[in-house]
Amino acid sequence: MNFTRILVPVTGTQADEEAIELACRLARQEKGEIHAVYIITMKRDLPLDAEIDTEIQKAEDILAGIEKVASGENYRVDTEVLQAREPGPAIITEAAEREVDLILMGIAYKVRFGEFSLGEVVPYVLKNSPCRVILYQSSYTKPSTPYLAE
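In our numbering, the protein residues as written are 81 to 230.
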């Protein structure tokens, strides 16, 4: 599999750093491009182009960290801050517009209502992606499962 254009959506977790490291290794084989995007989810009562300084600063800080991780891998990453109502459709639109070969998403182990959960964004991306998708689960310590009886 050749990946010449890789999209990595980031949210500011440890999983993002590990996903960028993996993206650098995959892209290096084909001298490919890596695009990292941070999506600011805009509330419906605000216009999409509203500037929320605190959110923009947070996004820029996260993307600067991603650039630093990529630099440590001797690779360059293009970064962009997007504003959207929902992150899933924004990721799919970005992937289609950039004609990427791969969406690489770092995910952390999450429990919701007592069960492992991928949330809403990951299933949306898996269902609607115009290209291959790799989910990279970050290093984690899985919570222990209590046994009812031994």
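Cβ coordinates follow ideal geometry from the N, Cα and C atoms, glycine included. Note that the structure is a prediction, hence the values are computed from the model and not measured.
With DSSP as the reference, please indicate the residues paired to residue i in a beta bridge.
i, result
"Ile25", "Since the first residue shown for the chain is 81 and the last is 230, residue 25 is missing from the structure and cannot be characterised."
"Gly186", "Tyr216"
"Pro24", "Residue coverage of the chain in this structure runs from 81 to 230, which leaves residue 24 outside it and unanswerable."
"Thr159", "Ala116"
"Thr164", "The amino acid occupying residue 164 in the given sequence is Ala; Thr does not appear at that position. Partner(s): Thr121."
Return the Cβ separation of residue i and residue j in integer angstroms, given the expectation that the two are a contact with Cβ distance under 8 Å.
i, j, result
"Ile136", "Val161", "6 Å"
"Arg165", "Arg124", "7 Å"
"Ile183", "Ala175", "5 Å"
Using the C-alpha atoms, what's the distance from residue j back to residue i?
i, j, result
"Leu102", "Pro127", "35 Å"
"Arg212", "Pro167", "18 Å"
"Ile172", "Tyr189", "23 Å"
"Ala139", "Lys111", "27 Å"
"Met122", "Glu97", "24 Å"
"Ala116", "Arg178", "12 Å"
"Ile120", "Pro89", "11 Å"
"Glu195", "Gln217", "16 Å"
"Glu153", "Val205", "27 Å"
Is residue i buried or exposed, if buried means 16 or more other CB atoms sit within 10 Å of its CB?
i, result
"Gln163", "buried"
"Asp133", "exposed"
"Ala99", "buried"
"Leu228", "The predicted model places Leu228 with a pLDDT of 42, which falls under 50 and marks its position as unreliable; any figure quoted below should be read in that light. That one is exposed."
"Pro203", "exposed"
"Ala107", "buried"
"Ala130", "exposed"
"Ser209", "buried"
Taking the alpha carbon of residue i as the point to measure from, which residue in the options has its own alpha carbon closest?
i, options, result
"Lys148", "Cys104, Pro210 and Leu198", "Cys104"
"Ile38", "Thr84, Leu198, Leu206 and Glu179", "Only positions 81 to 230 of the chain appear in the structure, and residue 38 is not among them; the question remains open."
"Asn82", "Val205, Tyr155, Glu113 and Ser218", "Glu113"
"Tyr118", "Arg178, Gln109, Glu131 and Gly92", "Gly92"
"Ile47", "Phe196, Asp181 and Glu195", "Shown here, the chain extends from 81 to 230; a query on residue 47 therefore has no answer."
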